[in-house]
Amino acid sequence: MAPGYTISIQEKLVTYIEENLNSSLSKKIEHQVELIYYDYHIRAVELEYFQHKPNEYQKQLMKQICQSKYEQETSEQEYEFLKQQIAYYNLPSQSFESSTISHHPFIDSIQNLTIREALMKQFKEVAIQSRITLFNMYLKSAEDQREEYQKKHEANVKKMEASQHTLNKNEKLSSALVQLINERCNKISERRRNMKLT
65 MAPGYTISIQ
75 EKLVTYIEEN
85 LNSSLSKKIE
95 HQVELIYYDY
105 HIRAVELEYF
115 QHKPNEYQKQ
125 LMKQICQSKY
135 EQETSEQEYE
145 FLKQQIAYYN
155 LPSQSFESST
165 ISHHPFIDSI
175 QNLTIREALM
185 KQFKEVAIQS
195 RITLFNMYLK
205 SAEDQREEYQ
215 KKHEANVKKM
225 EASQHTLNKN
235 EKLSSALVQL
245 INERCNKISE
255 RRRNMKLT
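Taking the numbering used here, the leading residue of the sequence shown gets 65, the next gets one more, and so forth.
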């Protein structure tokens, strides 16, 4: 045994590992099992849909609606993640003064204190304004994408609803098929909301 290392320390280390690392690993495993549960249900609903022997139009409609729902949920999740990241980068610990860019060797090498401070002030203003502009562009782009996918999904749902009034009886979706499409979309939403971005 190493000097100062006792059975008591070993027991504390083992207890710490069991309580913390096993808990973390257990949570990761539980999360993966939950995602598999959603994947299973999404696939099961799809198979149930196909057991009703939908025609080609009905198959394509289900595929379009579920794909647009997936895209809508993904873009919503990305938008929320981006907002969290921007909030993080706006924390005091992430300020200009805390960044490596605030200590530029060129500026630090200027001997005249007045010129160095004026240049540093300009440098800081440009850096902060650029960061704000960049964050706003990212957010606007993510928001536009989110709205685009939301509109696309809404258009697909309206297309399904409209087709119920215009198609002949053999091509219309039965209430069971509509219910299965809605159920699959709900499971897709639940899965995306429970999925962590990595």
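Positions of the beta carbon are idealized from the N, C-alpha and C atoms, including for glycine.
Taking all protein chains shown into account, do 16 or more other C-beta atoms lie within 10 angstroms of the C-beta of residue i, making it buried, or fewer, making it exposed?
i: S139; result: buried
i: N97; result: It is Val, not Asn, that sits at residue 97 in the sequence shown. By the 10 Å Cβ count, V97 comes out exposed.
i: Y113; result: buried
i: V168; result: The amino acid at residue 168 is misidentified as Val; the sequence shows His. H168 should be labelled exposed.
Would you identify the three-state DSSP class for residue i, choosing helix, strand or coil?
i: M259; result: coil
i: E218; result: helix
i: H116; result: coil
i: Q74; result: helix
i: Y80; result: helix
i: L244; result: helix
i: M65; result: Below a pLDDT of 50, predicted positions are generally treated as unreliable, and M65, at 49, falls in that range; the measurement from the model is reported next regardless. If DSSP states are grouped into helix, strand and coil, M65 belongs with coil.
i: N250; result: helix
i: K234; result: Here residue 234 is Asn; the residue named in the question, Lys, does not match the sequence. If DSSP states are grouped into helix, strand and coil, N234 belongs with coil.
i: S163; result: coil
Residue i and residue j: beta carbons closer than 8 Å?
i: K133; j: S253; result: yes
i: I129; j: M224; result: yes
i: K251; j: I106; result: yes
i: N191; j: F160; result: Correcting the residue identity first, residue 191 is Ala in this sequence and not Asn. Against a cut-off of 8 Å, the Cβ pair of F160 and A191 comes out as a contact.
i: R248; j: E137; result: no
i: S238; j: H116; result: yes
i: I150; j: F199; result: yes
i: F187; j: I174; result: no
i: Y213; j: E144; result: no
i: Q122; j: L203; result: no
i: N258; j: Y104; result: no
i: N119; j: E211; result: no
So residue i is in the alpha helix (DSSP H); what residue range does that whole segment cover?
i: S132; result: 120-153
i: P156; result: It is not in any alpha helix (DSSP H) - P156 carries neither H nor E in the DSSP assignment.
i: I171; result: 169-172
Shorter than 8 Å from the beta carbon of residue i to some beta carbon of chain B?
i: I93; result: Among the chains in the structure shown there is no chain B, since it carries only a single protein chain.
For the ligand SAH, is there a heavy atom less than 7 Å away from the beta-carbon of residue i?
i: S162; result: Although the ligand SAH was asked about, the structure shown includes no ligands whatsoever.
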